[in-house]
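Chemist: My questions will all concern the structure given below.
In the numbering used here, the protein residues as written are 305 to 410.
The following block contains the structure:
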């Protein structure tokens with residue numbers, strides 16, 4: 305499990321151009337092809353488990369996709385956030401979206 309998480313994180317660098325430490329929101333003039341991906345993670349350190357919720361919205365704010373994620377053997381909250389980020393990007397790509405805005409509470 306830990307090895308597969310490491311591979312996910314390694315592959316993430318191929319899909320991210322810039323990481324900005326702030327919340328990103330879709331501006332009113334955003335193109336209709338863009339999607340906003342919100343995600344939130346709950347990390348239970350005592351059990352080394354995470355739960356995450358990922359929601360994709362279109363430019364008008366309507367939900368176009370959503371999923372949850374549960375993983376074990378996660379040792380740190382930063383890893384939990386990174387794994388949720390990877391999954392959010394994967395889901396958007398699987399749905400055929402290439403222009404996305406990620407938003408997390410971190």
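Think of the CB as a built atom: it goes at the ideal place given N, C-alpha and C, for glycine as much as any other residue.
This one's a predicted model, so the numbers in the text were calculated from it and none came from an experiment.
(1) Please identify the residue among 409, 393, 348 whose C-alpha is closest to the C-alpha of residue 370.
(2) Ignore the nearest five residues each way along the sequence and tell me which others in residue 378's own chain have a CB closer than 6 Å to its CB.
(3) Helix, strand or coil: which one does DSSP assign to residue 407?
(4) Give the single residue among 349, 348, 359, 346 whose Cα lies nearest to the Cα of residue 405.
(5) Under the three-state reduction of DSSP, which class applies to residue 368: helix, strand or coil?
(6) What's the C-alpha gap between residue 357 and residue 387?
(7) Do residue 366 and residue 338 have their C-beta atoms closer together than 7 Å?
(8) Cα separation between residue 327 and residue 389?
Modeler: For this structure:
(1) 393
(2) 352, 354, 384
(3) strand
(4) 359
(5) strand
(6) A straight-line Cα-Cα distance of about 12 Å links residue 357 and residue 387.
(7) No, the Cβ-Cβ distance between residue 366 and residue 338 is not below 7 Å.
(8) At residue 327 the pLDDT is 42, less than 50, meaning the model places this residue with poor confidence; the figure from the coordinates comes in the next sentence. Each residue's CA atom was taken as its position, placing residue 327 and residue 389 some 14 Å apart.
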